Each structure stands twice: as C-alpha cells, then as structure tokens.
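Student: Letter 203 of the sequence shown, counting from 1, is numbered 1290 in the numbering used here, and no numbers are missing.
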Amino acid sequence: MELRLLRYFAAVAEHGTVSEAASVLRISQPSLSRQMKKLEQDVGLQLFTRAGTRNILTSEGREFLGAARAVLAKQAEASQLAQVLAQGQLSSVSLAAPRTTLIDIVAPFVATFRQQDPVPDVSEISIDPDLERSLSEHDLVVTARPASALPTGLPAQTLDLARLPVWAYVPAHHRWAEREAVETADLAQEVIITPSGEFRARELLDAALQLEGTAPLGRVETKHGRVAQALAAAGRGVAVVSDDAHFDLRPLRLHHRGSRLTVGLSVQWRTDHHAAEALHELALRLRSFCGERYGHTLPG
C-alpha cells in the first residue's frame, strides 16, 4: 500500500469528485481514476459509489478513511521529525540521574523548561551506573562520577556541574543547632541517621569515619534521604545526607580534618549524538541552574 495512493484517496474523499481532487493534486483526472481503482484492488474494498459526478464514500470507505488519515498524519510527523533531527535539533530529551540528584536538581531544572524546549523525560539510575549503557539509553546523564570514570574510547563529554556539601542536619533544639559546621570526629558523640545502600554521601561518610578510626555512638539506616531528615526532626539522631533541607532542620557543613565533604556532580552526553551541540547547550543551562541554586558550590 503506497502512501501516495492514500493521499489521493483522502483528497477524493475531501473534495467529493475526482476532477476537483485531480485539480488540487495537479494530476490528470484519468490518472487519478486509475489510481483509485488500484487502491481498491490493493485493499480489496469498494471505497466509493457514484452519485452523478460525485464520489460518495461507502461505509467501509468511511472507516478506511480514518485509518488512512492516521497513517498520513504519522508520515507527516515522521517527516517533520526527520527534518528536526537532520538539523541537529532535539524534539525530546531523556535525562537520567540518581534519586537525590533527580529530586533536588533535575526535576527543578525541568520545571524551568520553556515551550520551545524539547519534551523532557526523566529516569532514575544508580549512583554508580554503567555509563556506556546509560549514555546509549539517555541523552544526558547526571552522576557523581568524574570525567576519568568514562570508559576508554567512549565518545562522550563531561561537564562539571557543582560540588554539593554533605550536611549534618539537626533540629533547632539540638546542642549543635547554632553551629555552622561539625567534624566527622564529632559524630562519635551522636547517633547518626544515614541512607542505606547506594548514596554518595553515605560512601563519603563511611570512608571519612574509617580514616578517622572512629565510629558513631549509634547508627539508624533508612532507604531515603528525606526519611533520614524526618527521623532527625523527630529527635532520633543527626541526619547525614546531601539532600536539600526539610522539616525546619539546621544544616551543618560536615568537615573531615578541616576539609568539607562534598559530592561532585557532572553531566555526560555522547559526542556522536545527532544533537550533541544542543545537548552541550542544555548541559550549560543545567550548570547555570546549579549556580543559581547552589552558587557557592560551583567548581572553582
């Protein structure tokens, strides 16, 4: 079944006569009549009946017209998309990030998209993803991995976004509430609340405590950073996470031997992507957004 025949059929159905449709299509009337007979033979249906000079759709012709128009619309959509892709533009963009980054950075960034921006699709990935696979499935991948973590030979580019602090969150009545920072060594006096599993802040804290040769007074684990803060608000301990503040908690910068514990974020995309330049521009916008949201934590 040829798309050309479907266009001819839709034109005859719209104009009601072969002569009018032929004039619009700029082909001869006999040629258009032959094409309509060929289409009826191809689909095995009688699409029209004659009423004087007019062509009247049969019941099966009316149903087939809906399907034909749907196919033509899809063809037009595909043709338009091909033109957009050929020009290196994005009609949609897939962004992927670990849970905390997705909630605190990617989702708020998507909320700033304009009408002319590509349609965003956001997915959650692990904090230590297979970048080669992730970059084949998504356009932009936000991770806490440095450029050196990119697989050798992978045609990809990395842009640093920000270095976000690891916070020790306490309620207003806590003895540390008026402090601006605490040392990891101070946590030996406290019950700490941390996310379990794959969280970069948890990994950094565990490494710092191991280097310090100390352990907290106790530990409570939860599967989500927001829940860790909720438990801190309830007085169950000090929440150690990189999430934004909630529940009116006091954020204290967490230091290890005088240096801040921070989570470095970067965004990656494939340089052989058809819209690599557009992705680079979107990555720069994401970095600017991080600067507005966490200005003091940008690289440099």
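Where a beta carbon is used, it is the ideal one built from N, C-alpha and C, also for glycine.
These figures come from a predicted structure and were not determined experimentally.
Is it buried or exposed for Pro1207, if we count other Cβ within 10 angstroms and need 16 for buried?
Tutor: Start at 1 with the first residue of the sequence shown, and residue 1207 comes out as number 120. So Pro1207 counts as buried.
Student: Quick check on the burial criterion: 16 or more other C-beta atoms within 10 angstroms. Buried or exposed for Ser1329?
Tutor: Here residue 1329 refers to the residue found at position 242 of the sequence shown. Counting Cβ neighbours within 10 Å, Ser1329 comes out buried, since at least 16 surround it.
Student: Using only the alpha-carbon positions, how far apart do Thr1199 and His1360 sit?
Tutor: Here residue 1199 refers to the residue found at position 112 when the sequence shown is read from its first residue. Here residue 1360 refers to the residue found at position 273 when the sequence shown is read from its first residue. Going from the Cα of Thr1199 to the Cα of His1360 covers about 24 Å.
Student: If distances are taken between C-alpha atoms only, which option among Arg1094, Gly1378, Val1278, Gln1355 comes closest to Arg1232?
Tutor: To locate residue 1232, count along the sequence shown from 1; it is residue 145. Closest option to Arg1232, Cα to Cα, is Gln1355.
Student: Using a threshold of 8 Å, state whether the C-beta atoms of Thr1271 and Leu1304 are closer than that.
Tutor: If you number the sequence shown from 1, residue 1271 lands on position 184. If you number the sequence shown from 1, residue 1304 lands on position 217. For Thr1271 and Leu1304, no; Cβs fall outside 8 Å.
Student: Per DSSP, Ser1353 is paired with what?
Tutor: Counted from its first residue, the sequence shown places residue 1353 at position 266. Paired residues: Thr1230, Asp1247.
Student: Let me confirm a value: Met1088 is counted as buried when at least 16 other C-beta atoms fall within 10 Å, else exposed. Which label applies?
Tutor: The residue labelled residue 1088 in the question sits at position 1 within the sequence shown. The residue is exposed, with fewer than 16 neighbouring Cβ atoms inside 10 Å.
Student: Between Thr1301 and the rest of its own chain, which residues show a CB-CB distance below 7 Å, the 5 nearest in sequence each way excluded?
Tutor: What you label residue 1301 is simply residue 214 of the sequence shown in a count that begins at 1. Contacts found: Ala1272, Ala1275.
Student: Give a yes or no on whether the C-beta atoms belonging to Val1257 and Arg1313 are separated by under 8 Å.
Tutor: Taking the sequence shown and counting its residues from 1, one reaches residue 1257 at position 170. Taking the sequence shown and counting its residues from 1, one reaches residue 1313 at position 226. Cβ atoms of Val1257 and Arg1313: not closer than 8 Å.
Student: Given a cut-off of 8 Å on the beta-carbon distance, is the pair Pro1205 and Ser1221 in contact?
Tutor: Taking the first residue of the sequence shown as position 1, residue 1205 is located at position 118. Taking the first residue of the sequence shown as position 1, residue 1221 is located at position 134. Not in contact: Pro1205 and Ser1221 (Cβ atoms no closer than 8 Å).
Student: Measure from the C-beta of Met1088 to each C-beta in chain B and report whether the shortest distance is under 8 Å.
Tutor: Of the chains in the structure shown, none is chain B; there is only one protein chain.
Student: Closest to Ala1241 by CA distance: which of Thr1145, Thr1358, Gln1316, Ala1160 is it?
Tutor: Your numbering for residue 1241 matches position 154 in the sequence shown. One detail in the question is off: residue 1241 reads as Leu in this sequence, not Ala. When each option's Cα is compared against that of Leu1241, the closest is Thr1358.
Student: Determine the closest residue to Val1278 out of Ala1315, Lys1124, Thr1245, Arg1250, with distance taken between C-alpha atoms.
Tutor: The count along the sequence shown starts at 1 and reaches residue 1278 at position 191. Of Ala1315, Lys1124, Thr1245, Arg1250, the residue nearest in Cα terms is Ala1315.
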